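Asks: Can you keep this structure in mind? I'll have questions shortly.
This is how it looks when you write it as structure tokens:
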């Protein structure tokens, strides 16, 4: 038997297995228990957060043969459950909205809706990436979507709900799937790795969860790559190497060099990253997120879960940000973001990054406007009174040496 990727092998089969979407699963299970299942659903959210999976589980719950009515716990053993999970059920139609987007395809779908299910309790139409349908196709679906036969259920999935006409939105029960929080994702990944008998260091697993950006499918795909490269055991450094992510120590060294205005040290880090084959756009992106975390910790502290950092990383970034003005760090972020944008089309990416870190190292702190106003008022008062100006202060030197606009 051919290898089954982790994302398919561990696809949830019950509502309780769906990770990080309790607000959706609870509503759906309550609707089934109360016999208040809507005829049309719209599942919205980023990639890999469980939209199509939830649609399949709902289809199984509606058609499970072991139950006399829709159930919140489909058996997973009857023909309907097995075929729905495999995508081969007679009365569950999974349609790709991107390749079946025209009015003719929707007319064929509408004509088939009138016929009763061949075997199951309901005909379930799952249309993925529904926002790709044409305006004419949406219009052809309107009346049927508003008053479908009792034996038909629609489940639409999309990553871009703003592209769907309001006339369609108003006829659907909408569910917004959230990106899966890092800690919840790490807990689920640990369960999967334990079942697969694979050991990955916590730091490496956190890196996987962070790089997946809340997408469980992306996280499992990254795990496939790591296991293929490292086998049954992987350290943080190995995970970072596989993912092509800059080591946190490199990021810390760059920011330290920037705060100490040490351009040679910053350039040495860039040279190391290049020698290790790190993608420089990824490197700059990691720097953006790194400085962002420093600013957020400065402004909001450790509360609120605004960063996906371990206790050790949080402590390190707090120490690194001491004595740095948030406004100065914001300028650092602006330069890095502009550099990342230029790297998309750059013919000399290393040169772009090197010039960026040199600019950052030569950047001086801004003087707060309030201090400037106070100092000018003090000077004005002395001149009005005919008194000599007070001796020079560090602020005056900063004004003299401040970079010209």
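In our numbering, the protein residues as written are 667 to 1071. Every residue gets a Cβ at the ideal spot worked out from N, C-alpha and C, and that includes glycine. Keep in mind that this is a model prediction, so the values were computed, not measured.
1) Compute the distance between the beta-carbons of residue 820 and residue 710, then report whether it is under 8 angstroms.
2) To the nearest angstrom, how far is the alpha carbon of residue 800 from that of residue 769?
3) From the DSSP output, which residues share a beta bridge with residue 710?
4) Per the DSSP calculation, residue 669 is bridged to which residue(s)?
5) If we ignore side chains and look at the alpha-carbon of each, how far apart do residue 737 and residue 680 end up?
6) Helix, strand or coil for residue 865? Go by DSSP, reduced to three states.
7) To the nearest angstrom, how far is the alpha carbon of residue 960 from that of residue 765?
8) On the criterion of 16 or more Cβ atoms from any shown chain inside 10 Å, does residue 860 qualify as buried, or is it exposed?
9) When the distance is taken between beta carbons, is residue 762 closer than 8 angstroms to residue 795?
10) Return helix, strand or coil for residue 1069, following the three-state DSSP convention.
11) Taking DSSP as the reference, what is the three-state secondary structure of residue 905?
12) What alpha helix (DSSP H) runs, 4 residues minimum, are completely inside the stretch 681 to 710?
13) Counting Cβ pairs, one atom from each stretch, are 3 or more of them under 8 angstroms apart for the stretch 800 to 811 and the stretch 823 to 841?
14) Using a threshold of 8 angstroms, state whether the C-beta atoms of residue 746 and residue 726 are closer than that.
15) Could you check the C-alpha separation between residue 669 and residue 905 for me, to the nearest Å?
16) Distance check for residue 807 and residue 774, CA to CA, integer angstroms please.
17) Just the Cα atoms here: how many angstroms apart are residue 1065 and residue 893?
18) Taking the continuous alpha helix (DSSP H) assigned at residue 960, which residues delimit it?
19) Taking the continuous alpha helix (DSSP H) assigned at residue 998, which residues delimit it?
20) Using only the alpha-carbon positions, how far apart do residue 869 and residue 902 sit?
Replies: Here's the rundown:
1) Position 154 of the chain shown holds residue 820. Position 44 of the chain shown holds residue 710. For residue 820 and residue 710, no; Cβs fall outside 8 angstroms.
2) As a position in the chain shown, residue 800 is number 134, starting the count at 1. As a position in the chain shown, residue 769 is number 103, starting the count at 1. Approximately 7 angstroms between the Cα atoms of the pair.
3) Working through the chain shown from its first residue, we reach residue 710 at position 44. Paired residues: 824, 842.
4) One-based indexing of the chain shown puts residue 669 at position 3. Answer is none; residue 669 lacks a bridge partner.
5) In the chain shown, residue 737 corresponds to position 71, counting from 1. In the chain shown, residue 680 corresponds to position 14, counting from 1. Between residue 737 and residue 680, the C-alpha separation is close to 11 angstroms.
6) Counting from one through the chain shown, the residue named residue 865 turns up at place 199. Strand, per DSSP.
7) By 1-based counting over the chain shown, the position of residue 960 is 294. By 1-based counting over the chain shown, the position of residue 765 is 99. Their Cα atoms are separated by approximately 44 angstroms.
8) Residue 860 sits at position 194 when you count from the first residue of the chain shown. Burial call: exposed.
9) If you number the chain shown from 1, residue 795 lands on position 129. If you number the chain shown from 1, residue 762 lands on position 96. Cβ atoms of residue 795 and residue 762: closer than 8 angstroms.
10) As a first step, residue 1069 must be located in the chain shown, where it is residue number 403. At residue 1069 the pLDDT is 49, less than 50, meaning the model places this residue with poor confidence; the figure from the coordinates comes in the next sentence. Coil.
11) By 1-based counting over the chain shown, the position of residue 905 is 239. Note: residue 905 maps to helix in three-state DSSP.
12) 688 to 699
13) yes
14) The sequence position of residue 746 within the chain shown is 80, counting from 1. The sequence position of residue 726 within the chain shown is 60, counting from 1. Going by C-beta atoms, residue 746 is nearer than 8 angstroms to residue 726.
15) As a position in the chain shown, residue 669 is number 3, starting the count at 1. As a position in the chain shown, residue 905 is number 239, starting the count at 1. One C-alpha to the other measures close to 22 angstroms.
16) As a working note, residue 774 is residue 108 in the chain shown. As a working note, residue 807 is residue 141 in the chain shown. Roughly 11 angstroms between the two C-alpha positions.
17) Looking up residue 1065 in the chain shown gives position 399. Looking up residue 893 in the chain shown gives position 227. Residue placement at residue 1065 cannot be trusted, given a pLDDT of 47 that sits under 50; the coordinates are not used to answer.
18) Position 294 of the chain shown holds residue 960. Segment 946 to 966, the alpha helix (DSSP H) holding residue 960.
19) In the chain shown, counting from the first residue as 1, residue 998 sits at position 332. That run of the alpha helix (DSSP H) goes 992 to 1009.
20) Within the chain shown, residue 869 is the residue found at index 203, counting from 1. Within the chain shown, residue 902 is the residue found at index 236, counting from 1. Their backbone Cα atoms lie some 6 angstroms apart in a straight line.
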